[in-house]
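Here's the structure we're looking at; comments come further down.
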Amino acid sequence: MSTAIRASSILPGRREDIELHTADGLRLVGELALPADRPPVATLVCLHPLPTHGGMMDSHVFRKAAWRLPALADLAVLRFNTRGTSSVRGTSEGAFDGAVGERYDVAAAIEYAEFAELPNIWLVGWSFGTDLALKYGCDPAIAGAILLSPPLRFSAPEDLATWASSGRPLVALVPEFDDYLRPTEAGERFAAVPQAEVVGVPGAKHLWVGDAETVLDEIVRRVNPAVEVPLPTTWDGPMEAGDVSAYADRTVAAFADTPVPGPAAGQAD
Numbered sequence: 000m001s002t003a004i005r006a007s008s009i010l011p012g013r014r015e016d017i018e019l020h021t022a023d024g025l026r027l028v029g030e031l032a033l034p035a036d037r038p039p040v041a042t043l044v045c046l047h048p049l050p051t052h053g054g055m056m057d058s059h060v061f062r063k064a065a066w067r068l069p070a071l072a073d074l075a076v077l078r079f080n081t082r083g084t085s086s087v088r089g090t091s092e093g094a095f096d097g098a099v100g101e102r103y104d105v106a107a108a109i110e111y112a113e114f115a116e117l118p119n120i121w122l123v124g125w126s127f128g129t130d131l132a133l134k135y136g137c138d139p140a141i142a143g144a145i146l147l148s149p150p151l152r153f154s155a156p157e158d159l160a161t162w163a164s165s166g167r168p169l170v171a172l173v174p175e176f177d178d179y180l181r182p183t184e185a186g187e188r189f190a191a192v193p194q195a196e197v198v199g200v201p202g203a204k205h206l207w208v209g210d211a212e213t214v215l216d217e218i219v220r221r222v223n224p225a226v227e228v229p230l231p232t233t234w235d236g237p238m239e240a241g242d243v244s245a246y247a248d249r250t251v252a253a254f255a256d257t258p259v260p261g262p263a264a265g266q267a268d
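Going by numbering that gives the first Met the number 0, the residue at position 69 of the sequence shown is 68; the numbering climbs one at a time, nothing skipped.
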């Protein structure tokens, strides 16, 4: 009997806690999710939203990706907490560094994926994570990058120029009602990257509340085009349920348009 896939649904997969080790001596906590009984076709390395506003490896789109995409799309999903960031998985060493020291975090994640011989590695950044992808992710090991709600706040024109010269695919999913960068302006800003694809998502907002499925479909469409989208909304087989209540009190930003109190009100997460 088919069972509806809900926000808390965990589909079959091999999931293991991992640690990343940065070049500046920090230990970062994370998780690698793999298909249950076959090798992955491609890999997502997830770069989460701003930790000062509740972003972490369990921010809802990335949690759903890890819980669903190994089974539905044959993808490996690597997610981790950047320096100083906490989640149920634990707290990564170090402290938030405003997209400076985080360059070592991105490098450590890419290095881990390479060492584990994960195939066809794509970066998926969300908000602050898109800036990390643009600044530090244009690496020879990376096949391309998908940007969710890019604010273009910490990245600079020279970062876009680096991606332009690389020729690597760059896809920006931009909510119609984003708080920081909307589709028309995004098209203008990303025109500096000839191969960039800007996809406006009607009705969506910066936090993708209610639109996670659309995001996952767009990711799969690019990373494993052999999989038919939209992805199934039901599952025939074993399914577990995760405890999403663990996040509701401390990560409001992952579930509603209510910012978590932070040191700089109005920052993009």
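Beta carbons: idealized from backbone N, C-alpha and C, even for Gly. All values derive from a computational prediction rather than experimental measurement.
Using the beta-carbon count (16 or more within 10 Å), is R13 buried or exposed?
To locate residue 13, count along the sequence shown from 1; it is residue 14. Exposed: under 16 other Cβ atoms inside 10 Å.
For the beta strand (DSSP E) containing V200, name the first residue and the last one.
Here residue 200 corresponds to residue number 201 of the sequence shown, with the count starting at 1. Looking at the DSSP string, the run of the beta strand (DSSP E) that includes V200 is A195 to V200.
For the beta strand (DSSP E) that contains V173, what are its first and last residues?
Position 174 of the sequence shown, counted from the first residue, corresponds to residue 173. Where V173 is concerned, the enclosing beta strand (DSSP E) stretches over L169 to P174.
For A225, count neighbouring C-beta atoms within 10 Å of its own C-beta (all shown protein chains included) and say buried if the count is 16 or more, exposed if not.
Numbered from 1 along the sequence shown, position 226 holds the residue referred to as residue 225. Label assigned to A225: exposed.
Inspect the CB distances between the region 164-181 and the region 201-208 and report whether three or more fall short of 8 Å.
Touching, per the Cβ criterion.
When the Cα atoms are used, what is the spatial distance from A88 to L27?
Counting from one through the sequence shown, the residue named residue 88 turns up at place 89. Counting from one through the sequence shown, the residue named residue 27 turns up at place 28. Position check: residue 88 holds Arg in this sequence, whereas Ala was assumed. R88 and L27: Cα-Cα distance of roughly 10 Å.
Just the C-alpha distance for G261 and S165, rounded to the nearest angstrom, thanks.
Along the sequence shown, one-based indexing puts residue 261 at 262. Along the sequence shown, one-based indexing puts residue 165 at 166. Note that G261 has pLDDT 35, beneath the 50 cutoff, so the model's placement of it is unreliable and no number is given.
In three-state terms, what does DSSP make of G83?
The residue given as residue 83 occupies position 84 in the sequence shown. In this structure, G83 counts as coil in the three-state DSSP scheme.
In the DSSP output, which residue or residues are listed as bridge partners for V28?
Counted from its first residue, the sequence shown places residue 28 at position 29. Its beta-bridge partners are E18.
So, does the region 25-45 touch the region 70-83, judging by three or more C-beta pairs under 8 Å?
Because the criterion of three Cβ pairs below 8 Å is met, the region 25-45 and the region 70-83 touch.
Report yes or no: do the region 129-139 and the region 84-101 share at least 3 C-beta pairs separated by less than 8 Å?
Output reads yes: the region 84-101 touches the region 129-139.
Within a Cβ cutoff of 8 Å, which residues of the same chain sit near T42, ignoring the five residues on either side of it in sequence?
Looking up residue 42 in the sequence shown gives position 43. The residues are L74, A75, V76, L77, A112, L117, P118, N119, I120 and W121.
Taking the alpha-carbon positions, what's the V40 to N223 distance?
Position 41 of the sequence shown, counted from the start, is the residue given in the question as residue 40. Position 224 of the sequence shown, counted from the start, is the residue given in the question as residue 223. Going from the Cα of V40 to the Cα of N223 covers about 7 Å.
Assuming P11 and A64 form a contact by the criterion Cβ under 8 Å, report the distance between their Cβ atoms to the nearest whole angstrom.
Position 12 of the sequence shown, counted from the first residue, corresponds to residue 11. Position 65 of the sequence shown, counted from the first residue, corresponds to residue 64. Not confirmed; about 15 Å, so no contact.
Relative to the C-alpha of G128, which residue among G143, L49 and D178 is closest?
Here residue 128 corresponds to residue number 129 of the sequence shown, with the count starting at 1. Checking every option, the nearest Cα to that of G128 belongs to L49.
Tell me L43's beta-bridge partners as DSSP assigns them.
As a working note, residue 43 is residue 44 in the sequence shown. Its beta-bridge partners are V76 and W121.
For H20, which option in A106, E184 and I145 has the closest C-alpha, if you only look at C-alpha atoms?
If you number the sequence shown from 1, residue 20 lands on position 21. Of A106, E184 and I145, the residue nearest in Cα terms is A106.
Could you pull the DSSP bridge partners for T129 from this structure?
The residue you call residue 129 lines up with position 130 of the sequence shown. Looking at the DSSP assignment, T129 forms no beta bridge with any residue, so it has no partner.
Determine which residues share a DSSP beta bridge with W207 and list them.
Working through the sequence shown from its first residue, we reach residue 207 at position 208. DSSP, once it has assigned bridges, lists no residue as partnering W207.
If you follow the alpha helix (DSSP H) that A106 is in, where does it begin and where does it stop?
As a first step, residue 106 is located in the sequence shown; it is residue number 107 there, counting from the start. Counting along the chain, the alpha helix (DSSP H) containing A106 begins and ends at E101 to F114.
What does DSSP give as the partner residues of E239 in its beta bridges?
Taking the first residue of the sequence shown as position 1, residue 239 is located at position 240. For E239, which the question treats as bridged, DSSP gives the partners I9.
Since G241 contacts S58 with CB under 8 Å, what's their CB separation in whole angstroms?
Position 242 of the sequence shown holds residue 241. Position 59 of the sequence shown holds residue 58. About 14 Å; that fails the 8 Å criterion.
With distances taken Cα to Cα, identify the nearest neighbour of S154 among R188, P182 and A140.
As a first step, residue 154 is located in the sequence shown; it is residue number 155 there, counting from the start. Of the listed residues, the one whose Cα sits closest to S154 is R188.
In this structure, does DSSP put T233 in helix, strand or coil?
Counted from its first residue, the sequence shown places residue 233 at position 234. T233: strand per DSSP, three-state reduction.
Determine the burial state of G53: buried for a count of at least 16 other Cβ atoms within 10 Å of its Cβ, exposed for fewer.
Walking along the sequence shown from the start, residue 53 turns up at place 54. With 16 or more Cβ atoms within 10 Å of its Cβ, G53 is classed as buried.
Along the chain, where does the beta strand (DSSP E) that runs through A142 open and close?
Reading the sequence shown from its first residue, position 143 is the one you call residue 142. A142 -> beta strand (DSSP E) spans I141 to L147.
Have a look at the DSSP bridge pairing and note the partners of G89.
Along the sequence shown, one-based indexing puts residue 89 at 90. According to DSSP, G89 bridges with S86.
On a Cα-Cα basis, can you pick out the residue from S148, I218 and W207 that is closest to G186?
As a first step, residue 186 is located in the sequence shown; it is residue number 187 there, counting from the start. The candidate whose alpha carbon is nearest that of G186 is S148.
Since V44 and A142 should fall inside the 8 Å C-beta cutoff, what is the C-beta to C-beta distance between them, to a whole number of angstroms?
As a first step, residue 44 must be located in the sequence shown, where it is residue number 45. As a first step, residue 142 must be located in the sequence shown, where it is residue number 143. Actually they do not touch by this definition, with Cβ atoms about 11 Å apart.
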